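Counting from 1, position 49 in the sequence shown corresponds to residue 49 in this note's numbering; the numbering is continuous, with no gaps.
Cβ coordinates follow ideal geometry from the N, Cα and C atoms, glycine included.
Note that the coordinates shown come from a computational prediction; the quantities given were computed from them, not determined experimentally.
To keep things clear, I will list the structure first and then write my remarks on it.
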Amino acid sequence: MGARLGGPLQMVVVGSPDYLARNGTPKLPADLAAHRCIAFALTRTRTISPWEFIVEGREVAFTPDACLVVNTLPLCITAAAQGLGLAFAVEGLAAPLVASGALVKVLEPFRPAYEPLHLYYPSRRLVPPKLRAFIDFVRANSHKLRI
1 MGARLGGPLQ
11 MVVVGSPDYL
21 ARNGTPKLPA
31 DLAAHRCIAF
41 ALTRTRTISP
51 WEFIVEGREV
61 AFTPDACLVV
71 NTLPLCITAA
81 AQGLGLAFAV
91 EGLAAPLVAS
101 GALVKVLEPF
111 RPAYEPLHLY
121 YPSRRLVPPK
131 LRAFIDFVRA
141 NSHKLRI
């Protein structure tokens with residue numbers, strides 16, 4: 001069985017105003033090849049996660065030639081806010097820094113929406129009370145948890 005934990009995930013490309021002033025603002029996903037990109041990779045696999053876009057109705061993946069690779073999205077966003085480059089991150093995580101002006105969203109017309117996060121478990125009939133409480137908590141607070 002599965003429980004949907006929030007709404008669709010939105011990804012954004014963000015950079016600091018200082019970085020964009022020094023390096024220009026990308027207009028197309030292909031422009032990212034000329035930019036410093038801060039990439040995310042899982043520690044175990046060390047594989048850089050591709051950045052996905054919708055270009056002319058098709059999904060296009062871009063794997064950045066990263067200037068910096070980190071293993072947490074908050075660190076990725078923090079590095080972008082410090083002017084080190086552009087980051088591809090979950091919109092909810094970047095939202096406070098975008099709202100404060102520390103980060104600016106770019107390439108918005110090309111961003112895809114991803115399926116919501118789901119939690120899968122073996123049986124709907126035998127959901128342990130602690131698991132049910134966790135699912136209910138995450139559903140009720142997904143907007144606060146930025147997922």
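| Asked | Found |
| --- | --- |
| Straight-line Cα distance separating Ala3 from Pro128 | 14 Å |
| Three-pair Cβ contact test at 8 Å for the segment 128-137 versus the segment 35-52 | no |
| Where Phe137 falls, given that 16 or more other Cβ within 10 Å makes a residue buried | exposed |
| Residues that Ala61 bridges to, as DSSP identifies them | Glu52 |
| Paired residues, beta bridge with Met1 - DSSP | In the DSSP output, where bridge partners are listed per residue, Met1 has none listed. |
| Pro29 burial status per 10 Å Cβ neighbour count (16 or more: buried) | buried |
| Residue(s) in a DSSP beta bridge with His118 | Arg4 |
| At least 3 beta-carbon pairs within less than 8 Å: the segment 14-26 vs the segment 118-125 | no |
| One or two residues paired with Val98 in a DSSP bridge | In DSSP, Val98 forms no bridge with anything. |
| Rounded distance between the beta-carbons of Met11 and Ala89, thought under 8 Å | 7 Å |
| Lys105 to Thr45 span [Cα, whole Å] | 28 Å |
| Cβ shell of Val70 (< 8 Å), same chain only, five flanking positions each side left out | Ile38, Ala39, Phe40, Ala41, Cys76, Ala79 |
| Counted within 10 angstroms of its Cβ, other Cβ atoms place Arg125 as buried (16 or more) or exposed | exposed |
| Spatial neighbours of Pro122 in its chain, beta-carbon cut-off 8 Å, leaving aside the 5 residues before and after | Met1 |
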